[in-house]
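S.K.: Mind looking over this structure? Questions follow.
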Amino acid sequence: MSSRVSSGVRAVRAIVAGHGEFAAGLVSAVDQITGRGSAFRAISARDLSGADLDKLLVQTVEETGVTVVFTDLQAGSCTMAARRILRDRPDVLLVAGANLPMLLDFVFAEDVPAIEAARHAVDRGRAAITAHGGKT
Amino acid sequence: MTLVLNRIDDRLIHGQVVVGWGQPLDIGFIVLVDDEVACSEWEQELYRMGTPPEMQVHFYSVDAVTGSLPKFAADERPGILLTGNVDAMLALVSRAGVREVNIGGIHHRADRKQRLRYVFLSPQEERVLRQMAELGATVTAQDVPSSRPIELSELLESEASVQ
Chain A
115 MSSRVSSGVR
125 AVRAIVAGHG
135 EFAAGLVSAV
145 DQITGRGSAF
155 RAISARDLSG
165 ADLDKLLVQT
175 VEETGVTVVF
185 TDLQAGSCTM
195 AARRILRDRP
205 DVLLVAGANL
215 PMLLDFVFAE
225 DVPAIEAARH
235 AVDRGRAAIT
245 AHGGKT
Chain B
416 MTLVLNRIDD
426 RLIHGQVVVG
436 WGQPLDIGFI
446 VLVDDEVACS
456 EWEQELYRMG
466 TPPEMQVHFY
476 SVDAVTGSLP
486 KFAADERPGI
496 LLTGNVDAML
506 ALVSRAGVRE
516 VNIGGIHHRA
526 DRKQRLRYVF
536 LSPQEERVLR
546 QMAELGATVT
556 AQDVPSSRPI
566 ELSELLESEA
576 SVQ
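Residue numbers (this note's numbering), protein chains in the order written: chain A, 115 to 250; chain B, 416 to 578.
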């Protein structure tokens, strides 16, 4: 069976972090569509102090060994926490403004390094935003 | 227009502040009062990067800001005054005449008791908040504009049941 259709639990390749249920919601959507949701570890900023969120993110990066962090909002506290990590870990890639097409692209790029996959996914995620209709 | 929100929030500049309050209030500038951030170029750059280009951010230590507050209060754009803890805000209430205080987020710590989903307070912090009220400030807790402002008396009586 090729890796394209393989299933089962995957090693975590990236962290998804954001407000409310953003991360868990995106990851569950990726899982519903591809069965590859386990490629992500979801983190919520809800009800954590800035200091505790910093700690949680550092711990999760260390524990999972990942170098890619997707966040929801440039000004968001998860993005701030991730930027603090970048200070000591310039090898980590932070992508702010993540969306579902982006994460879908990322989980299918299993054969390339995670950083490369994330950069490709950023282009895909950006290109996937369209608007239709809206006639007045 | 003037400083339309004087907020205590241990996350300082983040989504709720920039988007949640910033957009509906059409915020033009943020005065971030924090001794640690005031002496770290790196932290300042971090908060600047997280703020949309139409919002200016000014960084001050508690001691340095009091003389500058009239200037910000006279600014024609609406602005937010932001501290990361109750002590800094008390200084602004007692020394700079701040009269309305918004508790936007003080989160879990071992010595704190939960009062709301987003407010945890130590006995010392409760004393400081009461002091602000005694100095004539109206103190309410409210995380985002759409939620109900909770008055200090109600806040200090509540056991995390109020949302």
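Note that the Cβ used here is the ideal one computed from N, Cα and C, for glycine as well.
Is the CB of L447(B) under 7 Å away from at least one CB in chain A?
M.R.: In the second sequence, counting from the first residue as 1, residue 447(B) sits at position 32. By this cut-off, L447(B) is not an interface position.
S.K.: For a cutoff of 7 Å on Cβ pairs, would you count D450(B) as touching chain A?
M.R.: On the second sequence, position 35 is the one that residue 450(B) refers to. So, not an interface residue.
S.K.: In whole angstroms, give me the CA-to-CA distance for P417(B) and T185(A).
M.R.: Locating residue 417(B) in the second sequence gives position 2, where the first residue counts as 1. Locating residue 185(A) in the first sequence gives position 71, where the first residue counts as 1. Reading off the sequence shown, one finds Thr at residue 417(B), where the question assumed Pro. Distance between T417(B) and T185(A), taken at the CA atoms: about 33 Å.
S.K.: If you count every other CB in all the chains shown that lies within 10 Å of the CB of E540(B), and 16 or more means buried, which is it?
M.R.: Counting from 1 along the second sequence, the entry for residue 540(B) is found at position 125. Burial call: buried.
S.K.: For H429(B), count neighbouring Cβ atoms within 10 angstroms of its own Cβ and tell me buried if that reaches 16, exposed if not.
M.R.: The residue you call residue 429(B) lines up with position 14 of the second sequence. So H429(B) ends up on the buried side.
S.K.: Could you check the C-alpha separation between P467(B) and V433(B) for me, to the nearest Å?
M.R.: Counting from one through the second sequence, the residue named residue 467(B) turns up at place 52. Counting from one through the second sequence, the residue named residue 433(B) turns up at place 18. Straight-line spacing of the CA atoms in P467(B) and V433(B) works out to 8 Å.
S.K.: How many Å lie between A159(A) and G190(A) at the Cα?
M.R.: To locate residue 159(A), count along the first sequence from 1; it is residue 45. To locate residue 190(A), count along the first sequence from 1; it is residue 76. So the two alpha carbons sit approximately 9 Å from each other.
S.K.: Looking at chain A, is there any beta carbon in it that lies within less than 7 Å of the beta carbon of D558(B)?
M.R.: Working through the second sequence from its first residue, we reach residue 558(B) at position 143. Chain A, which has no Cβ nearer than 7 Å to the Cβ of D558(B), makes this no.
S.K.: Could you list which residues in chain A have their beta carbon closer than 7 Å to that of V472(B), in chain order?
M.R.: Sequence index remark: in the second sequence, residue 472(B) carries index 57 (1-based). Neighbours of V472(B) on chain A: none; closest Cβ ~11 Å, over 7 Å.
S.K.: So what does DSSP say about E572(B), is it helix, strand or coil?
M.R.: Reading the second sequence from its first residue, position 157 is the one you call residue 572(B). Helix, per DSSP.
S.K.: Please identify the residue among I495(B), H523(B), S483(B), E456(B) whose C-alpha is closest to the C-alpha of R201(A).
M.R.: By 1-based counting over the first sequence, the position of residue 201(A) is 87. When I495(B), H523(B), S483(B), E456(B) are compared, the shortest CA-CA separation from R201(A) is found for E456(B).
S.K.: So with Cβ pairs under 7 Å, would you call G247(A) a contact of chain B?
M.R.: For the purposes of this step, residue 247(A) is identified with residue 133 of the first sequence, where counting begins at 1. So, not an interface residue.
S.K.: Counting along the chain, where does the beta strand (DSSP E) carrying V452(B) start and finish?
M.R.: In the second sequence, residue 452(B) corresponds to position 37, counting from 1. Taken as a continuous stretch (DSSP letters only), V452(B) belongs to no beta strand (DSSP E), being part of the alpha helix (DSSP H) at 450-453.
S.K.: Taking 7 Å as the cut-off, decide whether the C-beta atoms of F474(B) and Q459(B) are in contact.
M.R.: One-based indexing of the second sequence puts residue 474(B) at position 59. One-based indexing of the second sequence puts residue 459(B) at position 44. Contact flag set, yes.
S.K.: Three or more C-beta pairs under 8 Å: does that hold for the segment 499-514 of chain B against the segment 539-556 of chain B?
M.R.: They touch, by the three-pair rule.
S.K.: Could you confirm whether any beta carbon from chain B is found closer than 7 Å to the beta carbon of Q173(A)?
M.R.: Position 59 of the first sequence, counting from 1, holds the residue named residue 173(A). So, not an interface residue.
S.K.: Below 8 Å CB to CB, which residues in the same chain sit around Q471(B) once its five sequence neighbours on both sides are set aside?
M.R.: Residue mapping note: residue 471(B) aligns to position 56 of the second sequence, counting from 1. Correct list, in chain order: G443, F444, I445.
S.K.: To the nearest angstrom, how far is the alpha carbon of R514(B) from that of R532(B)?
M.R.: Locating residue 514(B) in the second sequence gives position 99, where the first residue counts as 1. Locating residue 532(B) in the second sequence gives position 117, where the first residue counts as 1. Cα-Cα distance, rounded: 25 Å.
S.K.: Taking only the alpha-carbon atoms, compute the straight-line gap between P215(A) and K249(A) and give it to the nearest angstrom.
M.R.: What you label residue 215(A) is simply residue 101 of the first sequence in a count that begins at 1. What you label residue 249(A) is simply residue 135 of the first sequence in a count that begins at 1. Roughly 26 Å separates the two Cα atoms.
S.K.: Pick out whichever of V172(A), A241(A), V180(A) has its Cα sitting closest to the Cα of D219(A).
M.R.: Here residue 219(A) is taken as the residue at index 105 of the first sequence, counted from 1. Looking at the Cα atoms, A241(A) is the closest of the given residues.
S.K.: Would you be able to state if there are at least three C-beta pairs under 8 Å between the segment 517-532 of chain B and the segment 555-562 of chain B?
M.R.: yes
S.K.: Beta-carbon within less than 7 Å of R238(A)'s beta-carbon, same chain only, minus the 5 sequence neighbours each way: which residues are those?
M.R.: Counting from 1 along the first sequence, the entry for residue 238(A) is found at position 124. Here the set comprises P215, M216, D219.
S.K.: Report yes or no: do three or more beta-carbon pairs, one from the segment 509-523 of chain B and one from the segment 149-157 of chain A, lie closer than 8 Å?
M.R.: no
S.K.: Here's the rule I'm using: 16 or more other beta-carbon atoms within 10 Å means buried, otherwise exposed. How should A479(B) be labelled?
M.R.: As a working mapping, residue 479(B) is identified with position 64 in the second sequence. With fewer than 16 Cβ atoms within 10 Å of its Cβ, A479(B) is classed as exposed.
S.K.: Expressed to the nearest angstrom, what Euclidean distance is found between the alpha-carbon atoms of V419(B) and G494(B)?
M.R.: On the second sequence, position 4 is the one that residue 419(B) refers to. On the second sequence, position 79 is the one that residue 494(B) refers to. The straight-line gap from Cα to Cα measures roughly 6 Å.
S.K.: For a cutoff of 7 Å on Cβ pairs, would you count S158(A) as touching chain B?
M.R.: Taking the first residue of the first sequence as 1, we reach residue 158(A) at position 44. Not an interface residue.
S.K.: Check the Cβ-Cβ distances between G519(B) and every residue of chain A, and say whether any is below 7 Å.
M.R.: Counted from its first residue, the second sequence places residue 519(B) at position 104. It does not: the Cβ of G519(B) has no partner Cβ on chain A nearer than 7 Å.
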